[in-house]
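Visitor: Okay, so the sequence shown: first residue is 20 according to the numbering used here, each after it adds one.
I have a structure here, written as structure tokens, and I will follow up with some questions on it.
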Amino acid sequence: MSDKKRPFRTLVIKVVDALKAGVPLRNSYHYFKYAADRRSVAKNRRFRKAQKAGGLAFPPPRLIYCVAAHHDQEQFDRSGRWAADFIKNVLSKNGRTLEDIPAILDFGCGCGRIFRHWRDLAGPQLYGCDYQRPLVRWCRTKLGFGQFERNGLLSALSYPDRTFGLIYAISVFTHLDRQGQLFWIGELERVLEDRGYLFITVHGTTRLAELSAEEQRLFNAGQPIIHRARYSGANVCATYHPRKYIEDVLVRRLKLVEFLPGGARDANQDAYLFQKG
Ligand SMILES: C[S@@+](CC[C@H](N)C(=O)[O-])C[C@H]1O[C@@H](n2cnc3c(N)ncnc32)[C@H](O)[C@@H]1O
20 MSDKKRPFRT LVIKVVDALK AGVPLRNSYH YFKYAADRRS VAKNRRFRKA QKAGGLAFPP
80 PRLIYCVAAH HDQEQFDRSG RWAADFIKNV LSKNGRTLED IPAILDFGCG CGRIFRHWRD
140 LAGPQLYGCD YQRPLVRWCR TKLGFGQFER NGLLSALSYP DRTFGLIYAI SVFTHLDRQG
200 QLFWIGELER VLEDRGYLFI TVHGTTRLAE LSAEEQRLFN AGQPIIHRAR YSGANVCATY
260 HPRKYIEDVL VRRLKLVEFL PGGARDANQD AYLFQKG
């Protein structure tokens, strides 16, 4: 049914958007559903109980939902481990050992799904940043081996030029509108060392079924597709990137080292490794 035929719904959406309440309302709704589901709550409890003493704490389910759209702590742990190994393996295949990189940035670190698995990584200084205050606060309190900071949705990072030998942004450009994507690629390039690596994952080749026929045509012609751009930064904004756009427009100043269609299996996304200079 068109919006004209549902004026009340359209009005509610406008009011919710004006109050910037869409994402918090959606998150709260899903949290209450989780909290009422005894099996899911008990599964998380069992998982936490089974952890060895001295292990890292797990983020509360409501924070996990902000980054992963589920509340399952075991899945959060398992998928983060997989992603950390994936990053390590792609770098190592290209002759770079993580231990030898002096400084690494997790851009859009969320509540540390991947970051937590660097706890025993000897060598690099580890940094994480995100624009969502509760996520950064949780990382600062619970992941003491890293340095975390909150950035604005569209504001420069506080790090000096050429600080990092590796920056990774896992499932972050997947949720940015055009302006956000271009701004953040520029900013990440600025803080990347010469010869440093940028590793990103995007919705791409494995997500075509989520697009309409017309969107697929545009995607195949090299256009990015953005759903709900007004929520840029939040998971409800979903962006789809064809390789042509990534190479010719978005990341055109860096050298493409490796393209792995569907390679980020933890998130069903394409992965790209770039190098500066
Ligand atoms: C789908 S989650 C992925 C989180 C994490 N990278 C992971 O793989 O678990 C997207 C993350 O990007 C963050 N994000 C979105 N826009 C951002 C921006 N402009 N600056 C920093 N973080 C951003 C969100 O807050 C969220 O934590």
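The beta-carbon is built from N, C-alpha and C at its ideal position, and this holds for glycine as well.
Would Q92 pass as a contact of N63 if the rule is Cβ separation under 7 Å?
Guide: For Q92 and N63, yes; Cβs fall inside 7 Å.
Visitor: Are there three or more Cβ pairs, one per stretch, closer than 8 Å when the region 222-235 is compared with the region 249-260?
Guide: They touch, by the three-pair rule.
Visitor: If we call anything under 7 Å between Cβ atoms a contact, is L219 one with A102?
Guide: A small correction: the amino acid at residue 219 is Ile; Leu does not occupy that position in the sequence shown. The answer is no: Cβ separation not under 7 Å.
Visitor: Would you kindly check if the distance between the Cβ of G127 and the Cβ of D104 is under 7 Å?
Guide: The answer is no: Cβ separation not under 7 Å.
Visitor: When DSSP builds the beta bridges, which residues end up paired with Y84?
Guide: Its beta-bridge partners do not exist; DSSP assigns none.
Visitor: Taking three-plus beta-carbon pairs below 8 Å as touching, is the region 104-117 in contact with the region 64-81?
Guide: With a cut-off of 8 Å, the region 64-81 and the region 104-117 do not count as touching, because too few Cβ pairs lie within range.
Visitor: Among K161, Y264, R284 and R67, which has the Cα closest to the Cα of L237?
Guide: The residue with the shortest Cα to Cα distance from L237 is Y264.
Visitor: Take every Cβ of the region 179-193, pair it with every Cβ of the region 152-164, and state whether three or more of those distances are shorter than 8 Å.
Guide: They do not touch, by the three-pair rule.
Visitor: On the DSSP bridge assignment, give the partners of C148 in chain order.
Guide: DSSP, once it has assigned bridges, lists F126 and E168 as partnering C148.
Visitor: Would S111 be called buried (16 or more neighbouring beta carbons within 10 Å of its own) or exposed?
Guide: S111 should be labelled exposed.
Visitor: Residues near ligand 1, CB to any non-hydrogen atom under 5 Å, in chain order?
Guide: Cβ atoms closer than 5 Å to ligand 1 belong to V86, G127, G129, R132, D149, Y150, Q151, L172, I189, S190, V191 and G252.
Visitor: Tell me, to the nearest whole angstrom, how far the beta carbon of F167 is from that of G147; I am working on the premise that it is less than 8 Å.
Guide: The Cβ separation is near 5 Å, so the contact holds.
Visitor: Which residues does DSSP list as the beta-bridge partners of H246?
Guide: DSSP, once it has assigned bridges, lists A257 as partnering H246.
Visitor: Would you list the residues sitting across from F278 in a DSSP beta bridge?
Guide: Y291, per the DSSP bridge assignment.
Visitor: For E206, which of R169, V34 and A175 has the nearest alpha-carbon?
Guide: The shortest C-alpha separation from E206 is found at A175.
Visitor: Is the distance from the Cβ of V42 to the Cβ of A253 below 7 Å?
Guide: Contact flag set, yes.
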